[in-house]
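Engineer: Quick one: the structure is below, and I'll ask about it shortly.
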Amino acid sequence: MIQIDATTSLLFKTVPCFILYAEIHRKFLGFFSLVKHNLPEIIADVPYRVEPQHPLPIICLIKDANHYPIVLHRIWYKLHLANGQVKQQNLWDIPVKISSRYWYKIFKLDLPHDRQQFLSLDLHVEVERKDKKYHCTNDNYRGTSHASFKIWMANEPLPRFPNLLLGDVHYHSNYTDDQVEFGAPLPIAVEMAQAIGLDFFCVTDHSYDLDDYPHNCLQNDPSLTKWKMFHREVKMLNQAQQTKTKPVIIIPGEEVSVRNSQGRNVHMLVLNDGKFYPGSGDSAENWFKPRSEFQIADILQNLSDHAVAIAAHSGYRAPLLEYLLIQRGKWEMEDCELQNLTGLQILNGENNESFRRGLHQWRELLLKGKKLYIFAGNDAHGNFNRYRQLGLPFLHMRERQAQLFGQMRTAVFVEKPAKLEQIVTALKQGISMITSGPVANLQATGEHGHRANLGETIHDRKIQLRILAKSSLECGALQEVILLRGDLQQRQEIVLQLWREFSSNWDFETILKCSIPSGHEYYYRLEILTDKGNFCYTNPIWQKTEKKAW
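The numbering used here applies: residue 1347 is where the sequence shown begins, and numbers increase by one.
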């Protein structure tokens, strides 16, 4: 929902915090604050896109009213369509006292049948505190734009193949709730996932938040009440989804702070493990102890058989203050080579330098013979349409259209009806790809009839590769389909085939014959690009033959 940038976070964490969101409600070191106010946070949000025939969910979230109680008088929206038409309607007009820590409502708005266009929406909220009325539009943060939300109304679903599920492997809920950030409650995320077109998402709240008392972010709870509450809620929501025509499956997890090979703090996504792994080195809960409880190898050696371990935002480089003060580091090559690591989350909400570093590191690992897979998530703390961030300490706010829930996706092939265990297995075995829009598939058939899918190995010397790609008007026309081959003996990756001309802008399929010398090992993978800058990268298929004995 709202986060603090790296520099601000460190400066803030040096100051004791006794209530949540003190960065808004307290003055830094006793000095003035341009963002402080005596109201709870009031935040509106909507998905950045809506699937065909799906209503638009609109959320109004009020946080910290236990410290700043209010009376909510009215909520209404104003909708601007592409043809200039404006629609306005009340959503709430019954006065109600709010004094809870979290209060939210999800409203559903039927959209026009004329889709394939952007619409703009403003949510207006009128509240009263201490006999004074306040009005806000989209949020009540000082220094934000309060600009209209821009929403894409799709008239066709996100591209996908049969049995292909779309998901987000890195999301933070309101169980991430501390002195610097918080996410949205899980029921909100489920509604947003359905609207966006997701089939699953992984909730990876911080290890140093999950071990806190539910109402005290600065005190650890040896009974792990919060962690247990989180797992109970995930189980309850998944059970409720079983009756849905298009269910959204939640995969429970945590983002664990661990020590890398240099003794510095990095983050690991641990999915679907029944154990809790503490990690608090970079939490700043104890300023003079930046050492996390476990090394990477400690957790990898103790994973449950059905768990998945992923290097979180593996291409990320910590800013200088984080490096110096809380000993943040990076995923080194030797860390990524440890046994039981499933893969790397190289795509974290943006096609940026961090993504390119992660992609390069992954290619280097593949050429060293490591079978590791790539994943995409957004690290969203809410952030369904807009990312709000505190900039310089207590002076201004920042906003951007990045790291939005579901914007960068991991797609997995799973037989339907899909279950949580099947999705986890597909993630664990790399039967998947990362995408910002288009999707692809690569299948191998050997000369002796053997078959291999993404993440698998085929042992025939001669194979046929079936190559598929799919896009949409929203994601852009196919521009390039690139088949890459990695030679593990030469430690070299080459473009084996490049297609730039297509009979259809939206669908592509072809067969290519390939062979390998005996005793060699190759991998093949696909990259897809569209004319709107969207992309897809598949996990590899490996081809390996034994050296002939003479």
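All residues carry an ideal CB built from backbone N, CA and C; glycine is no exception.
1) Note the first and the last residue of the continuous alpha helix (DSSP H) segment covering residue 1700.
2) Reducing DSSP to helix, strand and coil, say where residue 1368 ends up.
3) Along the chain, where does the beta strand (DSSP E) that runs through residue 1483 open and close?
4) For residue 1640, does the count of other Cβ atoms within 10 angstroms reach 16, so buried, or fall short, so exposed?
5) Assign residue 1578 to one of three DSSP states: helix, strand, or coil.
6) Give the straight-line distance between the Cα atoms of residue 1546 and residue 1687, rounded to the nearest whole angstrom.
7) Just the Cα atoms here: how many angstroms apart are residue 1760 and residue 1768?
8) Might you give, ordered along the chain, the residues of its own chain that have their beta carbon closer than 6 angstroms to the beta carbon of residue 1487, omitting 5 neighbours on each side?
9) Once DSSP output is grouped into helix, strand and coil, what is the label at residue 1646?
10) For residue 1583 versus residue 1504, is the C-beta spacing smaller than 8 angstroms?
11) Using 10 angstroms around the beta-carbon of residue 1857, count the other beta-carbons present and answer buried if the total reaches 16, otherwise exposed.
12) I'd like the list of long-range same chain contacts for residue 1618, defined as Cβ closer than 7 angstroms, with 5 residues on each side in sequence excluded.
13) What are the complete beta strand (DSSP E) segments, minimum 3 residues, inside the segment 1420–1485?
14) Straight-line CA distance for residue 1573 to residue 1873?
15) Starting from residue 1778, follow the alpha helix (DSSP H) in both directions and report where the run begins and ends.
16) On the DSSP letters alone, give me the boundaries of the alpha helix (DSSP H) that residue 1533 sits inside.
17) Smallest Cα separation from residue 1404: which of 1827, 1390 and 1398?
18) Pop quiz: residue 1422 and residue 1431 are said to be a contact at Cβ under 8 angstroms. What is the actual Cβ separation, rounded to whole angstroms?
19) Could you tell me which residues DSSP puts in a beta bridge with residue 1598?
20) Going straight from the alpha carbon of residue 1363 to that of residue 1765, what length do you get?
21) What does the alpha-carbon distance come out to for the pair residue 1861 and residue 1868?
22) Where does residue 1391 sit, in a helix, a strand or coil, going by DSSP?
23) From 1763, 1518, 1602 and 1845, pick the residue whose C-alpha is nearest to that of residue 1591; which is it?
24) State the start and end residues of the unbroken alpha helix (DSSP H) segment that holds residue 1679.
25) Decide yes or no for the touch test of the segment 1774–1792 against the segment 1813–1833: beta carbon pairs closer than 8 angstroms, at least 3 of them.
26) Assign residue 1876 to one of three DSSP states: helix, strand, or coil.
27) Give me, in chain order, the residues of the same chain whose beta-carbon lies closer than 6 angstroms to that of residue 1416; leave out the 5 immediate sequence neighbours on both sides.
28) In angstroms, rounded to a whole number, what distance separates the CA positions of residue 1667 and residue 1628?
29) Is it the case that the Cβ atoms of residue 1477 and residue 1388 are separated by a distance below 8 angstroms?
30) Just the C-alpha distance for residue 1882 and residue 1419, rounded to the nearest angstrom, thanks.
31) Spatial neighbours of residue 1328 within its chain, please: C-beta separation below 8 angstroms, excluding the five flanking residues on both sides.
32) Would you call residue 1774 buried or exposed, if buried means 16 or more other Cβ atoms sit within 10 Å of its Cβ?
33) Could you spell out where the alpha helix (DSSP H) holding residue 1617 opens and where it closes?
34) Just to confirm before moving on: does the CB-CB distance between residue 1798 and residue 1755 stay below 8 angstroms?
35) Taking the Cβ atom as the reference point for each residue, do residue 1657 and residue 1516 lie within a distance shorter than 8 angstroms?
36) Nearest to residue 1425 by CA position, among 1410, 1562 and 1495, is which residue?
Structural biologist: In this structure, then:
1) 1699–1713
2) Only weak support is given to the placement of residue 1368: the predicted model assigns it a pLDDT of 30, under 50, and the value that follows is read from those uncertain coordinates. Reduced to three states, the DSSP call for residue 1368 is helix.
3) 1478–1483
4) buried
5) Taken through DSSP and simplified to helix, strand or coil, residue 1578 comes out as helix.
6) 21 angstroms
7) 6 angstroms
8) Excluding residues within five positions, the ones whose Cβ falls inside 6 angstroms are 1743.
9) helix
10) no
11) Classification for residue 1857: exposed.
12) Excluding positions up to five away in sequence, the list reads 1597, 1598, 1599, 1652, 1653, 1654 and 1770.
13) 1432–1438, 1442–1444, 1448–1455, 1463–1475 and 1478–1483
14) 39 angstroms
15) That residue, residue 1778, is in no alpha helix (DSSP H); its beta strand (DSSP E) goes 1778–1781.
16) Following the DSSP letters along the chain, one finds residue 1533 inside the alpha helix (DSSP H) bounded by residues 1532–1542.
17) 1390
18) The Cβ separation is near 17 angstroms, so there is no contact.
19) 1549
20) Note that residue 1363 has pLDDT 32, beneath the 50 cutoff, so the model's placement of it is unreliable and the number below is only indicative. Spanning the two alpha carbons is a distance of roughly 41 angstroms.
21) 10 angstroms
22) In this structure, residue 1391 counts as strand in the three-state DSSP scheme.
23) 1763
24) 1679–1682
25) yes
26) strand
27) 1444, 1473 and 1475
28) Just so you know, the alpha carbons of residue 1667 and residue 1628 end up roughly 12 angstroms apart.
29) no
30) 46 angstroms
31) Absent from the model: residue 1328. The displayed extent of the chain is 1347 to 1896, so no value can be given.
32) It is buried - the Cβ of residue 1774 has at least 16 other Cβ atoms within 10 Å.
33) No alpha helix (DSSP H) holds residue 1617; the beta strand (DSSP E) holding it covers 1611–1617.
34) no
35) no
36) 1495
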